[in-house]
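Residue numbers (the numbering used here), protein chains in the order written: chain A, 11 to 242; chain B, 103 to 221; chain C, 4 to 1048; chain D, 719 to 802. Data block below; observations after.
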Amino acid sequence: MIKRAAALLLLTIIGGIFFTLLTGYSADENLNLTAQYYAENTAKDIGAANIVTAIIVTYRGLDTLGEVTVLFLAAAIVGLVLARSRGAGAAQTVKAPVGELLTTGSHSLLPLILLLGIYIFVNGHLTPGGGFQGGAVVASAMLLLLLANPVKRFNHRLISIIESFSGFSYVVIGVLGLLLAGGFLDNRILPIGEFGQLFSAGAIPLIYSLIGLKVGAEFSSILSNLSEAEEL
Amino acid sequence: MIAQLAMATGFALILIGFYGALTNRNILRMIVAFSVANTGVHLVLVAVGYMNGRTAPILDSAVSATEAVTRIIDPVPQALVLTAIVIGMGVTALMLAFAYKLYEKKRSLDIGKFTELRW
Amino acid sequence: MVSAVYIIIAALAAAFILGFLKEQWRGLAYVITLAALAFMSWVSAGWVWALGWQGAEAVDILTAGTEPPFAINLRMGLPEAVLTLLVNLTGLLSALYLKEVLFRLGRRSLVVLLIAIMALSGIILTRDIFNLFVFFELVVISTGGLILLSDDVQSNSRALSAGFKYLIASQIISVLLLVGIIFAYHATGTLNIDGMAGADLMALQGGVIAFFLMFIAIVAELKPFPANGWALDIYESAHPAFSAIFSAATGAAALYAVDKLLLIGGVSWLPVATAIGIVTFVVSNTLALSQSNDRRLLGYSSIAQIGLVFTVLGQRDILGDDYYYIAFGVLIAHAVGKAGLYWLSGLVAGRGLTDWSALRGHPLLIFAFLTFVFLLVGLPPFPGFYAKWELARYLAAEGRLALLALILFGALIEAGYLFRWFGYIIKRERPAQGVVSDPLKQVVIFAAVVAGWAMAFLWGELSGRANLLLALPLLFALAFLLLEWLPAWFKNIVAISGLVGYFAMTYTEYDPLRLIFIIIFTLGGALTLLASFHTSGKRIGFYPGAMLMYAGLVMLIRATDSFDFFAAWELLTIGSYFLILRGKHSEPHALSYAIFSLAGAFSILAGFALAADGAVHFTIQSLSEVATPLAPWVFILLAVGFMTKTAAIGLHIWLPGAHAEAETDVSPMVSGILLKAGLYGLMMLMLGMGIQELHGIKLNYVMLWIGALSALLGNLMAIFEEDAKRLLAYSSIGQMGYALFGLALMNHLGWLMALMFVINHYIYKSMLFMSVGGVAKRTGTRDMYRMGGLITLMPLSFIAVMIGIIAVSGVPPLSGFGGRWIFYNAIMSSEYRLPMLIIFLSVPVAFLYLFRLIHTIFLGQLKDEHRRIKEAPFWLILPQMIYVACLLVFALVPGIALRHVDRYLNDFFPNGGLGWDGLLITSQYGYWSPINIMIIIGVIFMLLFFWLLFVNRKAQKVKQFNIVFSAERPYRPETTHFAWNFFAPYRKALGFMVQPFVTLFWNTITDFLHAAANLVRRLYTGNGQTYAYHLLLFVVVVFFVRMGV
Amino acid sequence: MSALILAMVVLLAVVLIGAALVAIKGKSLPIAILSAGLVSLIASVLFLVLAAPDVAMTEAAIGSGLTTFLFFFVLSRVRGGEND
């Protein structure tokens, strides 16, 4: 009871702090300096229609690299932890396979979902969505497989190689930016191309695809590791 | 107005999430509560960048590059939220791994039972 | 220069490459990781070199080919270079240390380690607030991962729950941080830290709260009290190598993040930082007092140190150009010391503090331990020492005295528990499990040791002062560390020749006053060292300690600048601490000595800081120029510091144990020689500042009283002692009281007498300690009632003691009388009647205990078990005989030393000097002719002696056991000994004066601190949810404090 | 138009808070997890309203989709701990 009261009291005060922020807030009439720069220059400098993508992949590319690394790290840790939990001789209880319908359905859906994921991340610079969303969609295909066949084992080595390949390539492209263009993660190592086309915006489609691959691989790795974890 | 409303909802979610994390002893429930709070933060972030009557920061046939400055909303908070969402998911995954391991050790998810370390 | 962004690139590339490797290729994966970490360190080191030595400019590194604030930029300046080097090297060394663990866990654990280090570097380098958040989250996740890995190491759930607690806290932190960032962005339109700083966030709508949220979130990463339960649990449970990273590298990175953030907040947030920092520093150190688990103790200490650096960050407004010098001095000392101690803890099997006594058989590891402790406490010659000095200077100049006091108080507590720990190592029983032998781990530990000493040298070079590590005496003392493998006799020869040689080299450079002290310190020291020839073996630890003390003493005399003076003071304190600790039962006494001495030293530090009033160089001479409102306070602080060393009453409780428990040849050093340092300090002080008044009270009058009371009470306590060495120790308190009294008279004769005491006390106290020590060695006890009748067996010791007590008691014909004579002359010419009365009273009291030394030890009946005792060893007797000779010479011709001093004192006290006419000394009250007195006394003595022989010629000799016990054996036989409780009647009459009030007082303070620590630490319930409450409470409290202001 | 959107936002907000309350107070853990997923899902609708399609997609795919599955995977492996 005291605990609840204390929680309520503390949160009321923090709520008060938030309330001050809320009442003090007024939306900007015009874009601020930073946003204005992006609105004005993204198209000509970066060549991406989706400004959010331009920011994520290029202007704030370092954040995104960190973000990808977060996932990479989370996947590595989850893998490490759960791999050790599985232990040596512990036999997995074999579950009854799920129904025919789900199995067949998932197999026929799989390519479609994968395609959708790929579409999302290669078009990241043009339309909403990108590597993260596409990667999540790719992972959901894996999820579907898992649901359809709970004892399904993924090839961890393959996932790991995809993960590493895309991550390493990402870093290499970043370094190319440093060597060939204006700085680390500069997308202008490839021609900016014609605005609005698939192959435009320099290295953005490439980077976003790599991110998509990587994110997909990482999510898959986390999911499969969790699904393979022993029931306690 | 929409921005303020969304922002208020976001703050409410944060507080609700914190309350859940402070009062639920079950570790999984604490993690759930934090993910609610995180969603609240995302709402606040996006709401701060919102500008009435403007469109998403994507240049297409409707919004040309030249008039973007007057037509689109601030893209920066959105970029930040994207990052925050992914990071939040990473942290959640890690916490879940911890929960699993903690359960493995003690066969319990009561946070009050993991107090060997103190003082 | 290799761009700093390659630090990040290298780590990530290596981490991703590891994924290509097969799980089995562990060696390769490990090598790649090491190579990456080495490369990262190399890049940082290159920048440190370029920016620090070659004068390169700081560079901004753009990403995405776009100018900030539109893209993220990194900055590599000197602070960044140093910090990334610190982080990367910690990572590299920890990776080496963890070789076995990392091999077992495979490549994914390497990934986690690499990314953790990369993220820490990122925090340091980035200039973008959101990017900072991303790196912080990376640190959080990788820390969580590292903890999960630790869990496997110890196969328990402790580390696991600690990690989860950390994640709970970090979730709350990240929510607050994100909300803060977005509103700060909304207000300023930028995410760039420098941009925000330029936009004056505080003046903007919602800016203050936005900043508050960011600030509090990052500050929470510094583990401030009380929102730090999770951190403590991590420190306690994680693998020590991870704790090393967590403490040294994460702490440094988080501090730098706050430093950057404070650029945005501006000056108005500095007091908040100061308050949080100092509360954390003091409270955490206090809590550490009651810890018995080594790693948890180190955790509290880490948190405290980070708090201290945070306090320094809060002083940014006044530290000017020295800001980074001071902050980094404290920070690097902490990082190296703490990482080192954590690494060291991996070699110790047990987790209790006393289990560390396993180190005892490993001198090198003990040296490492001491290096780390010195770094943490901020002792010379390490960076923390310089930093502490400069910080005190600035704080005093700005009048932030309460803060200075709190810092020194916290530092004292820290020194207390660290030295207590060292005492355990040296003195406690060694556990069954020894030290884990792992060459690689030892290499890592010694890398930290080398780094610590390198930093010491560097900070000395940068200090703009004389580099302590280039001071010849100190180097000489340190050289003994390298000679430790040689036999003691050889080292003794080197030590003696060093002392004598140094005197021969420099004796022309001193004025008469200093010459007296330097003679006592060098030649006198050499003389006491003669006694050390009686020991055998290597005597590891003795010579470095002893020579450190002598080095400090010599440097003290040579110091002209207050800094050099203080450094020397600390050196001699530490050296003597090591010496005292060597005694068999000296653990608690050595600790109390260390604490009192350091407290005294801090008082001196504060005094000098106050006196300097911000001046960089402040000479001892300039004490005379200190302005009036400050002057009495400076005087008090310095006097208290010096009087701690002379064990003035009230500050004396450390002395009896320390002097009595010390080894036979150490007691003379710490009593006969070391106490003089305090007198020297007092002389310098009073020569400089003269008579000060505070609220109309003359301070020298107060000191007069203290001197008189010390003399009386010291002597009183001595008479009730059964322990011969303790008796001598209490007697020292009394003797120093006389000297203090003489100085406080502030006239010519008083000073002359004090100097007379300096010389006399050295000679007879050294001698008495040696002879009593020799007796104790032979009889195996220090209790006088267990001795008796030793005169026939140990005649030379008897002679020494007899001459000694004649000299001490001030009866003719020996030099003690000369001292007394000057003394009476001195007080006759002064107006202070009441304290004078007390001094008079204390003189006969001295007789009471002195006579017991002869009566109880050497006369009376020989104990049965002592029938076969031999004379004390030759090397103990030799110096005693030399002292006897000295006493006789000094008694005959006191003028050889005193007339020069007398003339010298004329400069300061022109009136009332003595007349030196050949062998005749005159004062305004009479004259003293030593030779005549000697002859007269000799004649009287001989007459009496022969008369006694004559009247006793027919006395019957009675065998010792020619008596019969008529009753049963008493329960405690010693109570029937005539010498037991010898002065019971006096105790009845005067005992109330020697009740241990002072001891009680200090014990109460200690108990109170411990009780408070035990109460407060209940706060840390171990429940992760409670810790979340603490965190939110912390947020709310800081909010109210800041907004209320 | 604007009033309609406003009404919709109000509605979404109410549902959001309701779902959030269920997420932290709900009787059974699966319901709590599902409600948390629902919070994310509704939030992603709100993001669309706030002209943030990228965020909406991400929140829907990651916040409400994958995260919810993660929870269930773990939940199914710590059966006994549900009610601690």
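Just so it is clear, CB atoms sit at the ideal spot from N, CA and C, and this is done for glycine as well. Since we're looking at a predicted model, the values are computed, not measured.
At a beta-carbon threshold of 7 Å, the residues of chain D lying near S137(B) are A754 and T785, ordered along the chain. DSSP, reduced to helix, strand and coil, places D162(B) outside both helices and strands of the structure shown, so it counts as coil.
Per the coordinates, the alpha-carbon of L702(C) lies some 22 Å from the alpha-carbon of V761(C). One alpha carbon belongs to V115(C), the other to I1008(C), and they sit about 47 Å apart.
Between the C-alpha atoms of L851(C) and I722(C) there is a straight-line separation of about 6 Å. Contact check for L95(C) and S44(C): beta-carbon distance about 5 Å, within the 8 Å limit, so the pair qualifies. Closer than 8 Å to the CB of L729(D) there is not a single CB belonging to chain B. Using a Cβ-Cβ cut-off of 8 Å, V1038(C) counts as an interface residue toward chain A, since at least one Cβ of chain A sits closer than that to its own.
Within chain A, no C-beta atom comes nearer than 9 Å to that of I749(D); the closest sits roughly 20 Å away. Annotation for W878(C): L533, A534, S535, F536 and H537 place their beta carbon closer than 8 Å to its own, counting only its chain and skipping 5 residues before and after. Under the Cβ criterion (8 Å, minimum of three pairs), the segment 1015-1029 of chain C counts as touching the segment 210-218 of chain B. Unbroken alpha helix (DSSP H) runs of no fewer than 4 residues, entirely contained in the segment 666-693 of chain C, are found at 678-692, following chain order.
CA-CA distance, G455(C) to G603(C), rounds to 26 Å.
Proximity of the segment 109-129 of chain A to the segment 157-171 of chain A meets the contact definition, three or more beta-carbon pairs being nearer than 8 Å. R14(A) belongs to the set of residues whose beta carbon lies under 8 Å from a beta carbon in chain B.
Each of Q57(C), L37(C), V34(C) and I35(C) was checked against the Cα of M4(C), and the nearest Cα belongs to Q57(C). Chain-order list of chain D residues neighbouring A85(A): empty, with the shortest C-beta distance near 12 Å, by a criterion of under 9 Å.
Taking 8 Å as the upper bound for CB-CB distance, Q436(C) and A352(C) are in contact here, some 4 Å apart. Rounded to whole angstroms, L685(C) and A571(C) show a C-alpha spacing of 15 Å. Annotation for G918(C): no alpha helix (DSSP H) segment contains it, though the beta strand (DSSP E) segment containing it runs G918 to D920. Annotated three-state conformation of N76(C) is strand, per DSSP. Between the alpha carbons of V728(D) and A146(A) lies a gap of roughly 30 Å.
Put simply, the segment 917-933 of chain C does not touch the segment 945-957 of chain C. Fewer than three CB pairs are less than 8 Å apart. Counting C-beta pairs closer than 8 Å gives three or more between the segment 136-149 of chain C and the segment 168-177 of chain C, which meets the contact rule.
Non-local C-beta neighbours of L344(C) in its own chain, meaning closer than 7 Å and more than five positions away in sequence, comprise L301 and F375, ordered along the chain. The beta carbon of G190(B) sits closer than 6 Å to the beta carbons of N140 from its chain, once the five residues preceding and following it are set aside; these are given in chain order. The Cβ atoms of L752(C) and A829(C) lie closer than 8 Å to each other.
Using a Cβ-Cβ cut-off of 7 Å, V181(A) is close to I12, L15, A16 and F19 of chain C, given in chain order. Sequence-distant Cβ neighbours of I169(A) in its own chain, meaning closer than 8 Å and more than five residues away, are A227, S230, S231 and S234. Between the C-alpha atoms of K102(C) and V446(C) there is a straight-line separation of about 12 Å. Within 10 angstroms of the beta-carbon of T795(C) lie fewer than 16 other beta-carbons, which makes it exposed.
Rounded to the nearest angstrom, the gap between the Cα atoms of L406(C) and V312(C) is 13 Å. Nearest C-alpha to A110(B) among R127(B), A199(B), V148(B) and S166(B): V148(B). With at least 16 other beta carbons inside 10 angstroms of its own, M770(C) counts as buried. In chain A, no part has a C-beta under 9 Å from the C-beta of F765(D); the shortest such distance is about 10 Å. The alpha-carbon of K341(C) is positioned some 12 Å away from that of V333(C).
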